[in-house]
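Residue numbers (the working numbering), protein chains in the order written: chain A, 1 to 277; chain B, 1001 to 1349.
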């Protein structure tokens, strides 16, 4: 291919540079001011350098008890991912191997469910869980996340299972395995990349959700993301605003680590989830 | 695979979805067709009113009070109301009045503008209006910027790509409430953007006080948050463009732009379709920026409208009516994808 003209190279470097700054700056600035006193965080003119301390984080995690919400988040996300993957792998494997039209109807239903705005479901959960006494419990939130996750999970995992040759399980069946044994001992060992990717997206859904957790969990039972609601709004109390910023940073750190470690899986998951699924 | 085995494998997943998605959907329809209230009854209440010198008088009054059932809880009465709740939620009578009002001899554009103004004063219609504006304004930008970015990063030197992709993923992966907040905090009255612009001599700007700027910021946020998704798919797609077709176009004398238009874009067409459909589904559910910017006066969205009715008014029947109307919109958006899946699954047989 011929070499690109100078202006084109210039334009693409400029474009990518501008995008890079736009993508990173809001988070960069949020991190920067989370270590400051309110006066320095919202000074006119803004300063790139100012005295830094862990004061806001100490107040948030220790004095305000943010660790409780972090604990809730760990409980909820761990169980959501584990159960989602178990249910999802079983269903997706069957869907990738069963040719009948029932499979189509299940996938179609899952697709419609996936497009449902969560608030629609929340409208029904609220009165029902209240009546049934399931309000504000880990199990309730976990099962809700599992169910909401299923459509996306089975679509994504199905596209991974489709790539595993059928000959593999047929050979196992000929050798005398039952379906479940073939699935467990022959198919699952070669599925780990797919399982990891689907697990990442299940984790993101449970971790990132604000709406459901904020409505189904009371006070101390809230997840970190839902607890951030306590600090929303243009508060007149700058100290509270600073705690909110520290909270937002605390929530972002695990995600940034996640992207650093699993960048390739996230990219491949988005592609298989959208294109093949 | 036999049907019985199939059913065994899909059972846990299917039961979870039926219990927590399908049944709630039916429940929402049920809620929207009914209204409920706590039953009240008039009860005689005796009170002793002090008069003078230590004398008192007994007064008996009829006071409405909640009726208690045998279990000691208030009795809730459910009533089938047909479409009444939905009609009320969509404010259909008001809407009809607005549309049929006699507007004298005003010019046509004037009439349309007036009607638009009045219609968007109604809760549901104003939420629908901004949701649609948001969906249809962000979509072309998301696809366009994502495509240009994919072309540009595809040309970047190998060692830079990893960190560029890392940075690009951030707006999409970070918790939406947090990323919306990170933007919101940039635009507070005394925050970095306002004070930088003030330094540069633009005067004091209040971004969060006018409908136009709030709407613009929210739409820009939507584009910023969705571009990574379009980018990743198109970037992967670019790797599959047949290089001999590109070479052939170049040999025939096509310039770069013509090659992109004649070879690359047609090859990526299915991807563009997928991106547009998925983005529209996501955009239709916009929620977090409206919550974070508390912009429901200037820019409301359907999800936020329902959330607010649930969380602040605690009116499940009204929320359910809005929800039913919202679901109708989702189904309309979904029809094209459903047709594609049907064809794919048929090919499997």
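Glycine included, each C-beta is placed from N, C-alpha and C at the ideal position.
Predicted, not measured: the structure shown is a model, and the values here were computed from it.
The straight-line gap separating the alpha-carbon atoms of residue 154/A and residue 148/A is approximately 11 Å. By the beta-carbon neighbour count (other beta carbons within 10 angstroms, threshold 16), residue 1200/B is exposed. Residues are counted here when their Cβ sits less than 9 Å from a Cβ of chain B; for the stretch 107-126 of chain A these are 107, 108, 109, 110, 111, 112, 113, 114, 115, 116, 117, 118, 119, 120, 121, 122, 123, 124, 125 and 126, given in chain order. Boundaries of the alpha helix (DSSP H) harbouring residue 240/A: 238-271, taken from the DSSP string. Under the 8 Å Cβ criterion, the stretch 1133-1147 of chain B does not count as touching the stretch 1247-1255 of chain B, having fewer than three qualifying pairs.
Listed along chain B are 1174, 1175 and 1178, each with a C-beta nearer than 8 Å to that of residue 252/A.
Here the stretch 98-114 of chain A makes no contact with the stretch 246-264 of chain A; the two share fewer than three CB pairs at distances below 8 Å.
In the structure shown, residue 1178/B adopts helical secondary structure according to DSSP, grouped into three states. Looking only at 171/A, 46/A and 215/A, the smallest Cα-Cα distance to residue 1304/B is reached by 215/A. If you look at residue 225/A, you'll find it in the alpha helix (DSSP H) that goes 224-227. When the beta-carbon positions are compared, residue 1085/B and residue 1032/B come within less than 8 Å of each other.
Beyond the five residues adjoining it in sequence on each side, residue 1330/B comes within less than 8 Å, by CB distance, of 1281 and 1284 in the same chain, given in chain order. The Cβ-Cβ distance between residue 145/A and residue 80/A falls below 8 Å. Residue 58/A and residue 1296/B have their C-alpha atoms some 34 Å from each other. Not a single C-beta of chain A is nearer than 8 Å to the C-beta of residue 1223/B. The C-beta of residue 1182/B comes closer than 8 Å to at least one C-beta of chain A. Annotation: the continuous beta strand (DSSP E) that includes residue 1037/B extends over 1034-1038. Remark: C-beta atoms of residue 95/A and residue 158/A approach each other more closely than 8 Å. Chain order gives the chain A residues near residue 1013/B as 87, 88, 90, 91, 150 and 154, where near means a beta carbon separation below 7 Å. Bounds of the beta strand (DSSP E) holding residue 1080/B are 1076-1080. Among the residues of chain B, those whose CB is under 7 Å from the CB of residue 12/A are 1152 and 1155, following chain order.
For residue 1066/B, the pairing in a beta bridge is given by DSSP as 1040/B. The alpha carbon of residue 184/A has as its nearest neighbour, out of 1009/B, 1002/B, 1261/B and 1337/B, the alpha carbon of 1009/B.
A direct Cα-Cα distance of roughly 22 Å separates residue 1343/B from residue 1237/B. The beta carbon of residue 1335/B sits no closer than 8 Å to any beta carbon of chain A. What residue 270/A touches in chain B, judged by beta-carbon distance under 8 Å, is 1229, 1232 and 1233, going in chain order. In this structure, residue 1177/B and residue 1292/B form a Cβ contact; the two beta carbons are roughly 6 Å apart against a cut-off of 8 Å. Taken in chain order, the unbroken stretches of alpha helix (DSSP H) that lie wholly in the stretch 1241-1286 of chain B and span 4 residues or more are 1243-1251, 1256-1259 and 1265-1284.
C-alpha of residue 1164/B to C-alpha of residue 20/A: approximately 7 Å in a straight line. Burial check for residue 1318/B: the Cβ neighbour count within 10 Å reaches 16 or more, so the residue is buried.
Contact annotation: the stretch 81-88 of chain A does not touch the stretch 175-193 of chain A, with fewer than three C-beta pairs closer than 8 Å.
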